[in-house]
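J.: Going by the numbering used here, the sequence shown opens with residue 5, and the numbers climb by one from there.
Backbone N, C-alpha and C fix where the C-beta goes; we use that ideal spot for every residue, glycine too.
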Amino acid sequence: MEFAELNAAQREAVMDLQENILLLAPAGTGKTNTLACRIANILEQKRAEPEEILCLTFTNKACREMKERIIARAGEAGRRVIVKTFHGFCYDVIKTEAKRHSDLFADFTIFDETDCLSLIRELIDDTWPERSVQSLIASLKGARTRYHLETGDDEADYCEALQRLLAEHPEEIRRLAIDDHYQYYRQLFEGWQVWGPHLAAVYDMRLHDVHGLDFTDLIVQADALFRQEEVAVKWARRFLYINIDEVQDTSELEYSILARIFGCSRLLLCGDYFQTIYEWRGSHPEAVLRAYQRDWQPRRIVLTENYRSTQVLLSASYACLQRLFPERVSALYPEGIHAVSKERGLPIILKGALNFVEEADWIYQTIQQLPTADYSRICILTRSNGYNKKLSSHFRRRNWRLPENEQLPFMIIEEIKFYRRQEVKDVLAFLKLILNPHDTASFIRVLNRFGRGIGPGTIRKISQESYREAGIRLTDYLDDDARRTGDPFAVLLEALDAENIVVFDVEATGVDPTRDEIIQIAGLRLGRDGSVKREFKHLLKARRSVGDSVRVHHIEDAVLQNEGEDPADVLRAFCAFAKDAVIVGHNVTYDLSILGSELTRLGLPQLSYRRYYDTLDIFRRFYPNLPNHKLEYLGAYCHVSHRSTHDAMDDICATSEILLYAVEHNIRPHIAERRAFMAKWQDTFAEMAAKVSSFRLAARVMRPAQLLGKVVVDAGIDAYYRQHHEEQRIENLRDLFRQARDMDEPEIRPLDALLRFLNYTALSNTNLDAMTKRQQIPIITVHQAKGSEFDYVFVAGLQEGTFPGLQAEKNDSMDEEARLFYVAITRPKKQLFLSWCQMQGGYYAHMSRFLRVLPREYVQNV
């Protein structure tokens, strides 16, 4: 494969497939193309299979761009290369390992920051700033993980983590204890030390009760899994080449997680120290790079040729770097950075405005005069969302004075955060409730806007401790069987008395239900006293190797070939064995999912069963404060006679015993209370329950986009927004429909495709690249522009107190502000416009100190 277009340094990174590499790549130096060429070369040289190459990037946008470049270079094989964000990779690890190595529900869903805020609002007084509390909880979770505090008592662990933080890093808590105006909030700082650990523990319990994980949990749980040697070794063996982009934004905790799977892989870490703008979320590039160089002795390659900027823009931005960080620049880039373009380019325009109105008017008028028809190639950057909103309001007023065909199309962050928009969240809440019948947070959201006659008072009453102790959850009022019988556990008790319960478990070649294959399946049909009436246990031949999963179930490929039976015959026989039974298992949603997927792949009918109950869910309901809810622990707690071993038969014997324990100690004793609680509110939820039930039936056969359309119409979402004359929200729902359609994978089951779509939306912070296809001018913060480039860039609000912000001096974070300025001025390809105000809030302001480091020969004052 030829790489003639690459420069010498890029070619070194592409061709050296033996050494570990530290690739230093300043803005605009062709990093993404270099990494794509390197992966194409690995595949061309047959050094690894596509699935043995892992690429981690910082954003979903960067993921898509990297994947597209790899496919363009490597062809169809490039589609199989694993390209993920760090959080997306952690999700895959947890999904893969949750069934066997944790007590997380296999059907967990990701709660984005908006979902988590809703949960926090239920737990705190409305006088506290909820976003600050959310950040403090995340910080405490991270500290608990860093200090490896896992005693089984969540509140005690959080208390210890907080004490260590206060002793070693009090500024971390002080920085997060702020009010809604970003000012230090002393009462929150002091109050957090009193009630913070308890709140964090309750928040965790509530989140896990509804089968949810937040973004911090993705990191925390991946860390816990990789601290189990067999899990870390398994993943380390999986990859031969690991490439990590934007390494400067990787926190020490994230790096320590990844380092456990570096193993014998060839490593390439790529980044630019001067684009570190996430120290507030724990990124410490010096520590990360020091650890990487110490432990892996990488070859250092520096990209110094810039392909993005004109000579003026590059010379100005590089001169800024040299003046802001002289020693570090000369150490990292001793040969400097050079523009490939021979074009000198247009000067940087600097506007000093009297006040905000003059500044905003100047930006508007200047954009009107730019020689471009594609407004998405223009961007306005600021330091804060608050400044963005002021600009947007002013531009909206300017537009009102003009004919529609002369108005400028602006877009602010509320539009860019597409998946966090109110109407989109409404639809996603219904879709999540379809998949996750325990998702109380989504149910509450749905009720708040579309649940007639159901207010906060009703929800509070049903959330009382007496309901919890009886085993009632809010979501039980959507359960068809619970509504018909008056008790969510009535079908279980009826089936036990009728000897119609089948406890089952499977072992597989892996834990991806859409691709892996069942190699062992076991089932027990129970008598009314819990005795075993019939057994079913078979090995199945597999078309793919068991691989590292042999470390879990100890069933080798040779055994399967010699003793395994035809998968279609065995699964057909199991479906007959379990026909119309009530299915029980521990974390059974995984087993049902892979069984359903394999039946589909084999062209067989689906298992016909009455319903399922999960012993993991049952014990989390009745025993929320146990140290953990793994099958092994619950077996010991209930004194079972069969120990869980990851043999399918041993596991279902243990599951049968803990089921009977819960029936006798918790389920039967509270029948009367549950019936009374269900009867009291059942009619109130009748209309909503009927809708959700119809959606769940449709989800089995409809593709995600079709289901989404049905929900929008049948739930009355479109009618609600039409009634409120909010046509733009209707248009956004059409956008959501198109995205669900375009992202669909027809080869997988509808339910699996729906789960993938929901996880994508949860892991996407913004949809900037999709939104800019509308040819609108984004008004965004510098943080939101990371990784993007535009032809024309305006950086507004460049006065002291705004950029840099007031808190930067107090928090000793001026270096990060300087790097943020550098990121801002390296976004344009053609021309840069800078502006500042002499009057700010009725007071005189000074020009930003960062403007003073711009070489005057490149700047034109207007």
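Got a sec, what are the start and stop residues for the alpha helix (DSSP H) Ala694 sits in?
T.: 690 to 703
J.: Under a Cβ-count criterion, where at least 16 other Cβ atoms within 10 Å of its own Cβ denotes burial, should Pro708 be classed as buried or exposed?
T.: Answer is buried; the Cβ neighbour count reaches 16.
J.: Return the Cβ separation of Phe929 and Gly801 in integer angstroms, given the expectation that the two are a contact with Cβ distance under 8 angstroms.
T.: Given a span of 5 to 866 for the chain in the structure shown, any question on residue 929 remains unanswerable.
J.: Taking the beta carbon of Lys814 as the centre, do at least 16 other beta carbons fall within 10 Å, making it buried, or is it exposed?
T.: exposed
J.: In this structure, does DSSP put Asp756 in helix, strand or coil?
T.: Three-state DSSP puts Asp756 in a helix.
J.: Starting from the N-terminal side, write out each stretch of the alpha helix (DSSP H) that is 4 residues or longer and does not extend beyond the region 14 to 93.
T.: 35 to 48, 64 to 78
J.: Could you name the residues of the same chain whose beta carbon sits closer than 8 angstroms to that of Arg678, not counting the 5 residues immediately before and after it, in chain order?
T.: Excluding positions up to five away in sequence, the list reads Ala474, Gly475, Ile476, Gly490, Asp491, Pro492, Phe493.
J.: Quickly, what does DSSP pair Leu528 with across the bridge? List them, please.
T.: Val507, Glu539
J.: With three or more C-beta pairs closer than 8 angstroms as the rule, is the region 396 to 411 touching the region 68 to 84?
T.: no
J.: Rounding to the nearest angstrom, what Cα-Cα distance links Ala377 and Phe837 in this structure?
T.: 18 angstroms
J.: Within the continuous alpha helix (DSSP H) that includes Phe825, where are the two ends?
T.: 818 to 829
J.: Determine the contact status of Leu144 and Ala171, defining contact as a CB-CB distance below 9 angstroms.
T.: no
J.: Hey, out of Arg387, Glu503, Asp748, whose CA is closest to Thr785's CA?
T.: Arg387
J.: What three-state label does DSSP hand Pro2 in the structure shown?
T.: The structure shown does not extend to residue 2, since the chain is modelled only from 5 to 866, so the question has no answer here.
J.: Got a sec, what are the start and stop residues for the beta strand (DSSP E) Arg615 sits in?
T.: 615 to 618
J.: Compare the C-alpha of Cys579 against each of Ser549, Arg529, Glu560 and name the closest.
T.: Arg529
J.: Run the CB neighbour count on Leu606, radius 10 Å, all protein chains shown included, and call it buried at 16 or more, exposed below.
T.: exposed
J.: Tell me whether the region 579 to 593 and the region 615 to 633 touch, counting them as touching only if at least three CB pairs, one residue from each stretch, are closer than 8 angstroms.
T.: The way I'd put it, the region 579 to 593 does touch the region 615 to 633; three or more beta-carbon pairs between them come closer than 8 angstroms.
J.: For Leu500, which of Val137, Leu664, Asp819 has the nearest alpha-carbon?
T.: Leu664
J.: Do Glu469 and Glu521 have their CB atoms nearer than 9 angstroms?
T.: no
J.: Expressed to the nearest angstrom, what Euclidean distance is found between the alpha-carbon atoms of Asn452 and Glu134?
T.: 19 angstroms
J.: Could you tell me whether the Cβ atoms of Leu26 and Cys274 are closer together than 9 angstroms?
T.: Yes, the pair counts as a contact, with Cβ atoms nearer than the cut-off.
J.: Between which two residues does the alpha helix (DSSP H) containing Ile305 stretch?
T.: Counting along the chain, Ile305 falls outside any alpha helix (DSSP H), though it belongs to the beta strand (DSSP E) covering 303 to 306.
J.: In this structure, how does DSSP classify Pro892 when only helix, strand and coil are distinguished?
T.: A query on residue 892 cannot be resolved here, the shown segment of the chain reaching from 5 to 866 and no further.
J.: Pick helix, strand or coil for Met843, following the three-state DSSP scheme.
T.: strand
J.: CA-CA distance, Pro351 and Tyr862?
T.: 6 angstroms
J.: So what does Lys355 bridge to, in DSSP terms?
T.: Ser839
J.: Within its chain, find whatever has a CB closer than 6 angstroms to the CB of Ala766; leave out the 5 residues flanking it on each side and keep chain order.
T.: Ile114, Asp116
J.: For Pro407, does the count of other Cβ atoms within 10 angstroms reach 16, so buried, or fall short, so exposed?
T.: exposed
J.: Ignoring anything shorter than 3 residues or poking outside the region 354 to 392, list the beta strand (DSSP E) runs there in chain order.
T.: 382 to 386
J.: For Leu544, does the three-state DSSP call read helix, strand or coil?
T.: strand
J.: Between Ala226 and His105, what straight-line distance do the alpha-carbon atoms span, to the nearest angstrom?
T.: 11 angstroms
J.: What separation, rounded to the nearest whole angstrom, lies between the Cα atoms of Met775 and Asn763?
T.: A caution first: Met775 carries a pLDDT of 49, below 50, which makes its placement in the model unreliable, though a value can still be read off. The alpha-carbon separation between Met775 and Asn763 amounts to approximately 20 angstroms.
J.: Can you list, in chain order, the residues of its chain whose CB lies under 8 angstroms from that of Leu439, leaving out five sequence neighbours each side?
T.: Asp111, Thr113, Ala703, Leu755, Leu758, Leu759, Leu762
J.: By DSSP, does Cys268 sit in helix, in strand, or in coil?
T.: coil
J.: Report the three-state DSSP secondary structure of Pro407 (helix, strand or coil).
T.: coil
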